[in-house]
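First up is the structure itself, then whatever we jot down about it.
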Amino acid sequence: METHVEVPRAWEQLAVERLRGTLLVIGAPDVGKTTFARYLYQRLCEAARCVAYLDGDPGQSTLGPPATIGLSVGVRGDAAFPPKGPSWRSFVGAVSPQGHMLPLLVGASRLERAARAQGVDTIVYDTSGLVDPGQGGLALKQAEIDLLRPSVVFAIQRAGELESLLVPLRWSSSVRVIDLCPAPLARQRDVAARQAHRAEGFARYFASPGGGGTWPVLMVDWGRLAVYPAPRFVLHGLLALEDRDGYTLGLGIVFDADFREKRVELYTPLNSLAGVDALRLGDLIVDPRTFRDHRLLAKHSGGAADSG
Numbered sequence: 004m005e006t007h008v009e010v011p012r013a014w015e016q017l018a019v020e021r022l023r024g025t026l027l028v029i030g031a032p033d034v035g036k037t038t039f040a041r042y043l044y045q046r047l048c049e050a051a052r053c054v055a056y057l058d059g060d061p062g063q064s065t066l067g068p069p070a071t072i073g074l075s076v077g078v079r080g081d082a083a084f085p086p087k088g089p090s091w092r093s094f095v096g097a098v099s100p101q102g103h104m105l106p107l108l109v110g111a112s113r114l115e116r117a118a119r120a121q122g123v124d125t126i127v128y129d130t131s132g133l134v135d136p137g138q139g140g141l142a143l144k145q146a147e148i149d150l151l152r153p154s155v156v157f158a159i160q161r162a163g164e165l166e167s168l169l170v171p172l173r174w175s176s177s178v179r180v181i182d183l184c185p186a187p188l189a190r191q192r193d194v195a196a197r198q199a200h201r202a203e204g205f206a207r208y209f210a211s212p213g214g215g216g217t218w219p220v221l222m223v224d225w226g227r228l229a230v231y232p233a234p235r236f237v238l239h240g241l242l243a244l245e246d247r248d249g250y251t252l253g254l255g256i257v258f259d260a261d262f263r264e265k266r267v268e269l270y271t272p273l274n275s276l277a278g279v280d281a282l283r284l285g286d287l288i289v290d291p292r293t294f295r296d297h298r299l300l301a302k303h304s305g306g307a308a309d310s311g
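Going by my numbering, the first residue of the sequence shown is number 4, and it counts up by one from there.
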C-alpha cells in the first residue's frame, strides 16, 4: 500500500472486510480526512472489493479541478490512486459549499448513482471540511447523511466539534459511527496555501497537452444550448459544459461574449461540443494567466475561501 504519512494504529486495526455501502468521512480542515479516505479506499481495494472514491471537496479537490466534485471507480484488486476505472464530475460552481450546498448535494447524489450503476458495492466519500455550525457546516453534513444514507460515518475530530451532529447518530440503528483521532502528521494549510493549491489545480487542468499555454479558444453558440441559471457571462467567469444527464464534460473560462449573436468564447480542454447539452455558470472568476480565483460577487480581488 502506498502511504505518505504515518498511519495511526487505530486505522490499521479497522476490519475493512465488513464494510459495505457508502462510507462517509467527516472532519474539519487539516485533520487528515483525505489521508484517511485514501487509506481506507486502498485497504478496501486490497480486499478485492469493487470500490469507488467520491471526492466531495470543491476547494481542495483530489480527483479533478477545483469547483467540482468527482467520482472514480477502482479496478478490482488494484489499489492505485487515483482509481483507474470510469470517472465522472459534477460542477459546484464555487470552491466552498457555502452558498452552494444544493449543487453539492445534487452532485453527490448523482455521482453515487453513477457508482451504483457500475456495480460498485462500497463508496468512500471524502467530504468537504465545512463543519462550522455557524456557516451551515453541520447542517450540510446532516443533509449528506439523510440523502446518501451511509452505512458508516467516520468522524475525525480534535475537541468534540462534531458531537452535536454525532450524538443522535450514535442512537440510530441505520448508521454506525466510528470515531478516529486526527492523523499525527496531517498537513496544515493556511488560506494562501489553499489558494495556491487551487491555482495549481486549475493550471494543470487548463494546460495544453504540449505545455504551450492554454488550449485554443472554443466558440460556443449558446442559443442552441440550455444555459443555467441564465446567460449572464462575465469575463474570466468559470462555467461547466454538461451532458444531458448533468455530468460535467469539461470546464471553461469565458474569454469573450457576444450577446447579440448569442456566442461565447471559452478557454477549455474540450475541442468540440460533442455530447454537450448545457452550460452551467458558476460564481467564480479564474485569471487565465495566474489561475488564481475569486468570488464573482466579491468586492475584492483576493482568493475565495474554501473549507477543505
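Using N, Cα and C, we set each Cβ at its ideal position, and we do this for glycine too.
For P61 against S131, the beta-carbon gap comes to about 7 Å, under 8 Å, which counts as contact. In this structure, DSSP gives Y56 an extended state, which the three-state scheme calls strand.
Within the same chain, L133, V134 come within 6 Å of G140 by CB-CB distance, once the 5 residues on both sides are set aside.
Per DSSP, the continuous beta strand (DSSP E) segment holding E268 begins and ends at 266-270.
For the pair D296 and G96, the CB atoms are not nearer than the 8 Å cut-off. Counting only runs of 3 or more residues that sit fully inside the segment 132-177, the beta strand (DSSP E) segments are 155-159, in chain order. In this structure, V223 sits near R266, with a CB-CB distance shorter than 8 Å. In this structure S154 touches L26 by the C-beta definition: roughly 7 Å separates them, less than 8 Å. Annotation for F258: no alpha helix (DSSP H) segment contains it, though the beta strand (DSSP E) segment containing it runs 251-261. The alpha carbon of L143 has as its nearest neighbour, out of F157, P106, Q160, the alpha carbon of P106. DSSP lists E268 as the bridge partner or partners of M222.
Annotated three-state conformation of V19 is helix, per DSSP.
Each residue's CA atom was taken as its position, placing L276 and E164 some 46 Å apart. Contact check for L228 against L282 passes: the beta carbons are separated by less than 8 Å. When rounded, the separation of the alpha-carbon atoms in L74 and L151 is 14 Å.
Note on geometry: alpha-carbon atoms of A196 and P185 lie some 20 Å from one another. Secondary structure note for F294: it is in no alpha helix (DSSP H), with a DSSP letter that is neither H nor E. Between V127 and L43, the CB-CB gap stays under 8 Å. Using a 10 angstroms sphere on the CB of L300, the tally of other CB atoms stays under 16, which defines it as exposed. In this structure, DSSP gives A117 a helical state, which the three-state scheme calls helix. Scanning its chain for C-beta atoms nearer than 7 Å, with the 5 sequence neighbours on each side dropped, one finds around A51 the residues R79, G80, in chain order. Setting aside the 5 residues that flank it on each side, A146 is surrounded in the same chain by M104, L108, each with a C-beta closer than 8 Å to its C-beta; the list follows chain order. Assignment of G110 by DSSP, reduced to helix, strand and coil, places it in the helix class. Distance check between G240 and each of G24, Q16, F294 places F294 closest, using alpha-carbon atoms only. One Cα belongs to P68, the other to D182, and the distance between them is close to 30 Å.
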